[in-house]
Amino acid sequence: MAWFYLVLAGLSEIVWAFGLKESHGFTIHSYSLLTIVFLIISFGLFAKAMKAIPIGTAYAVFTGIGAAGTAVVGIVFLHEPAGLFKIISLIVLVSGIIGLKLADDGKEGES
1 MAWFYLVLAG LSEIVWAFGL KESHGFTIHS YSLLTIVFLI ISFGLFAKAM
51 KAIPIGTAYA VFTGIGAAGT AVVGIVFLHE PAGLFKIISL IVLVSGIIGL
101 KLADDGKEGE S
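Rendered as structure tokens:
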């Protein structure tokens, strides 16, 4: 269940990062509210996940999902450039996230 919370936390990070960009420095109230709500959700889920997942792995996966997902959202919805090196880097990042999950598989809850 901790990994489920961690993935949801990472996905929530994507939402608040997008909201932060679209709030234009917290001047657009609807996006500002979205950002604050998903910040709270994201960190709440992240804290819950860290009860069972080692901090180094949890933080790397959390920020990795957020970074990769936010980059994809930027490319798809904000029309940011997507060069070959950027795509390869995202693949490497996602591979690292999967690797961390596989490395900790079966060790959830151990201290």
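First residue of the sequence shown? That's 1 in UniProt numbering, and the numbers climb one at a time after it.
Quick reminder that beta carbons are idealized off the backbone N, C-alpha and C, glycines included.
These numbers were taken from a predicted model, which means no experiment stands behind them.
Limits of the alpha helix (DSSP H) - the one that residue i falls within
i: F26; result: No alpha helix (DSSP H) holds F26; DSSP gives it neither H nor E.
i: G64; result: I55 to F77
i: D105; result: First-last for D105: undefined, no H or E at that position.
Given residue i as reference, the closest of the options once Cα atoms are compared
i: W3; options: T27, E22, A60 and F77; result: A60
i: I41; options: V92, V76, V73 and F62; result: F62
i: V92; options: L8, G44, L78 and I65; result: I65
i: S95; options: H24, A68, L20 and G10; result: A68
i: G19; options: I53, F77, G44 and L45; result: F77
i: L11; options: E80, A71 and F26; result: A71
i: F43; options: P81, E80, A82 and A17; result: A17
i: D105; options: G25, I53, E80 and Y31; result: I53
The region 80-90 in contact with the region 24-42 per 3-pair CB rule at 8 Å
no
Taking 8 Å as the threshold, find out whether the region 45-58 comes into contact with the region 94-108 through three or more Cβ pairs.
yes
Three or more C-beta pairs below 8 Å linking the region 3-19 and the region 46-55:
yes
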